[in-house]
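Visitor:
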Amino acid sequence: MVRSSVLGYPRIGADREWKKALEAFWSGKLEESELHSQLQEIRLNHLRKQQEKGIDFIPVNDFSYYDHVLDTATMFGIIPKRFPYKGGIVPLSVYYGIARGTKDATASEMTKWFNTNYHYIVPELDGANPVLTENRPLNAYREAKDKLGIEGKPVIVGPLTFLKLSKGYSISETDAWLERLLPLYVQILQELESEGVQWVQIDEPILVTKLSAADLQRLKTIYETFAASVPNLNIMLQTYFESVENYSDIVALPVKGIGLDFVHGFYGNMPTIKALGFPADKVLGAGVIDGRGIWKASLRERLVLLEELGEFVTADRIIVQSSCSLLHVPVTVKNEALLLPELKDALAFADEKLDELVLLTKAVSSGVAVIANELEKCESALEALKLSGERNRNDIQQAVAAISAQHPERSLPFSERHIAQQKKWQLPMLPTTTIGSFPQSAEVRKARQLWRKGEWNNEQYANFIREQIDIWIKLQEEIGLDVLVHGEFERTDMVEFFGEKLAGFAFTQNGWVQSYGSRCVKPPIIFGDVAFEEAMTVKETKYAQSKTDRPVKGMLTGPITIMNWSFVREDITREQIAYQLAYALRQEVEALEHAGIGMIQVDEPAVREGLPLKEEDQAKYLAWAVKAFRMTTCTVQDTTQIHTHMCYCEFHDMIDSIEAMDADVISIETSRSHGELIHSFELNTYKLGIGLGVYDIHSPRIPRVEEMTNMIDRALRVLDPKLFWINPDCGLKTRGFEETIDSLRNMVEATQIARAKH
Ligand code: GLN
Ligand code: ZN
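Under numbering that gives the first Met the number 0, residues 0 to 757 are what the sequence shown spells out, in order.
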């Protein structure tokens, strides 16, 4: 008998009830006991759903009050010293303090979970003295069993992955840390074993990245220790997001099961299994349903895949499972009422994926005939999407093929453009500017709501936006900025805004996924050929320009960012999608230029996020990402100045690619890793215009003039003052009105001091 398994289920709930409970608790509107009972209800609901659908191995301890990595750290009593903690079960005040910061202590850093858009809290090991504060997996197991009679499968972040994702220790201390953590893991597992738990899932996604010989040795130590300590507990060593490196070492470990990703790791894992086989004493967790994509699987193709795997593993040793936790997809398609039928029918979110897992399991166990109807329905839904007019726009496909065959290049190299631009714009030394958005006050949000609800007509709303532009153009002049922006008041989200105006996009009503903590995002779906329909930003930009003699920078989101922050179709490559977006955005760039806008910023904060996990795939990705940016921007006149902006991430290992984008000016977030980034620019001798953010916009604190002059001085030791710009780290839309004005005044004052010096 084949069995089905899920690696994790979304926490947020179909109506984001999880988010609402957390936020109510944080704002003091919900008692702690109420929070616990609301979250328990949500958690049990999710378990019940999986039980009713007929999933054999239902995950427990995948639920969280914020983040599963933070859960693991706090379970081990790893609490940064700046939080008041006296031992025992970690109180929620400390738990949420680490996650979100308190008035006395800054939050722990958060960063992306591998190549997903989920962010985890980075454990800080320095100074910690790990002890087991509670056995969370055991508690979760008992709850599922007592309340619902479910024989749950506890999920735990594995020791190697936990260590590699933590900070606050040096490489030479790794083994010492492992020695401290390992007994705690053993204790957890022993308690699970004595409770009668059958399977645990130990997540080691780090195994899809390159590991040193020392790490492989650690891996061996870990799993040999487990095998010796809990001989009767079945361990599923779970990997995901890519194929494993070191397959032979991994399958030789003394564990009962190995979980492999056959969706995102297909091209690595499949040939390896074919070449090296799979050990006869182990169970294969076959991740055949995409845990992080939103499309219906072709059941027929998945069955072929399972059949192929059946040549190496007998059916009773195969578990049909999702490729990774379903955390990365929305909860259900069921209530989506506004999607095109051919699109809706081709989608599968978490709940629909449960159905797919069960169907596949049935078919493998009892023959395809038992799911003949569902199979037929599935294939015809996929066929209908394939035939959709939205996916078959010859005009677009031909145009994109033609322009992507050319090498996208500005007509002059930067050194010459720069002279022409300087002559035209006559900017002072160290020109000042901002990143695009200004505070989206309650008033702005309310206006948008009124308009969306139909209480305001288009004219009323447009008037309101114009008033905001008026206010901020005046303010920017008065503050003394050199290059102005219109402020982006008409946009809620930098991707959604463009997606709503381009063809090929769809928007769900409730397709939320957790991004970090209670913050959820609702990515657009790029399901058809992307096409420009009409100008998207010209009206507001042109209006702003009409109100001032200083240059107003047009403001667009770049092709790679739009793609990386959307769910995308899978029938064409991401590279092709990027070029379609580039072609559409190029038309917007041209429309802006035609309307007299001579500086245009194309934001690309999310380039880094699309970077493949495997090093050998990275160069290719960066090459087409750079090409897409150049396609978007290369047709403008020499005197038109192309800006770009990047933030959120470490960029120091991709400066060559940033340079290859050939933007006349880049503004880049640095205030949190200033020294490091400057050093990288020094090594790479960056030769284009650049503004390193001189203050952190994530904090309401008003930066002092002196701090910013220091930043500028430091940067100018490395970078050419003739190419240097002064700007904040990122857009200002989340900031307050007064603090923004005060901060920018200080920034301009710091610039004047720097101008006098350099
Ligand atoms: N232009 C955008 C803004 O200012 C850029 C946002 C971003 O970098 N994330 O809001
Ligand atoms: Zn930014």
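Heads up, the beta-carbon is just placed ideally off N, CA and C, and yes, glycines get one too.
1) Which first and last residues belong to the beta strand (DSSP E) in which D202 is found?
2) With H, G and I counted as helix, E and B as strand and the rest as coil, what does DSSP make of D309?
3) Return the chain-ordered list of same chain residues with a C-beta closer than 7 angstroms to the C-beta of R135, the five sequence neighbours on each side being excluded.
4) Quick check on this structure: which residue in G516, V512, K521 and S514 has the alpha carbon closest to the alpha carbon of F504?
5) Cβ of V484 within 7 angstroms of Cβ of K552?
6) Cα separation between N745 and V704?
7) Smallest Cα separation from D637: which of K756, Q420, V664 and Y95?
8) Are there any heavy atoms of the ligand ZN lying less than 6 angstroms away from the beta-carbon of C729, as far as the coordinates show?
9) Taking only the alpha-carbon atoms, compute the straight-line gap between S169 and L162 and give it to the nearest angstrom.
10) Evaluate T536 with the Cβ neighbour count: other Cβ atoms within 10 Å of its Cβ, from every protein chain shown; 16 or more gives buried, anything less gives exposed.
11) Assuming G286 and S321 are in contact, meaning their beta carbons sit under 8 angstroms apart, how far apart are those beta carbons, in whole angstroms?
12) Starting from the C-beta of I221, find all residues in its chain whose C-beta is less than 7 angstroms away, skip the five residues before and the five after it, and write them out in chain order.
13) Could you compute how far the alpha carbon of Q640 sits from the alpha carbon of V664?
14) Should C646 be counted as a contact of the ligand ZN given a C-beta to heavy atom distance under 6 angstroms?
15) For P427, count neighbouring Cβ atoms within 10 angstroms of its own Cβ and tell me buried if that reaches 16, exposed if not.
16) Under three-state DSSP, which class holds Y184?
17) Let me know the secondary structure DSSP gives I170 once reduced to three states.
18) With respect to 6 angstroms, is the separation between the Cβ of P604 and the closest non-hydrogen atom of the ligand ZN below this value?
19) K343 to I524, Cα distance in whole Å?
20) Return yes when the C-beta of K732 is under 6 angstroms from any heavy atom of the ligand GLN, and no when it is not.
21) Below 6 angstroms, is the gap between the Cβ of G498 and the nearest heavy atom of the ligand GLN?
22) Regarding I234 and the ligand GLN, is the C-beta to nearest heavy atom distance less than 6 angstroms?
23) State yes or no: is the C-beta of G435 nearer than 6 angstroms to some heavy atom of the ligand SAH?
24) Under the DSSP definition of a beta bridge, which residues are partnered with T431?
25) Between the alpha carbons of E355 and K52, how many angstroms are there, rounded?
26) Give me the Cβ distance between Y94 and Y65, rounded to the nearest whole Å; I'm assuming they're in contact under 8 angstroms.
27) What does a CB cutoff of less than 6 angstroms around Y184 pick up in its chain, not counting 5 residues either side in sequence?
28) Since F311 and F348 are thought to touch, with beta carbons under 8 angstroms apart, how far apart are those beta carbons, to the nearest angstrom?
29) Taking 7 angstroms as the threshold (C-beta atoms), are C633 and E408 in contact?
30) Suppose you measure from the CA of Y620 to the CA of P604; what does that come to, to the nearest Å?
31) Can you tell me whether P230 is buried or exposed, with buried defined as 16 or more other CB within 10 angstroms of its CB?
32) Which residues does DSSP list as the beta-bridge partners of P153?
33) Could you pull out every unbroken alpha helix (DSSP H) segment of at least 4 residues lying fully inside the segment 295-373, listed in chain order?
34) Apply the 10 Å Cβ neighbour rule to H263 and answer buried if 16 or more other Cβ atoms are within range, or exposed otherwise.
35) Just to confirm before moving on: does the CB-CB distance between Q758 and M554 stay below 7 angstroms?
36) Can you grab the Cα-Cα spacing for the pair V512 / L325, in whole Å?
Guide: Once the coordinates are examined:
1) W198 to D202
2) The sequence shown places Gly at residue 309, rather than the Asp named in the question. Helix at G309.
3) N60, D70 and M74
4) K521
5) yes
6) 5 angstroms
7) Q420
8) yes
9) 11 angstroms
10) buried
11) 6 angstroms
12) P158, L159 and L181
13) 8 angstroms
14) yes
15) exposed
16) helix
17) helix
18) yes
19) 11 angstroms
20) yes
21) no
22) no
23) With respect to the ligand SAH, the structure shown offers nothing to examine, as its ligands consist of the ligand GLN and the ligand ZN.
24) I725
25) 10 angstroms
26) 7 angstroms
27) P158
28) Not really, about 31 angstroms apart at Cβ, beyond 8 angstroms.
29) yes
30) 16 angstroms
31) exposed
32) V59
33) 298-309, 340-343 and 349-365
34) buried
35) This structure gives no information on residue 758, because the portion of the chain shown stretches from 0 to 757.
36) 10 angstroms
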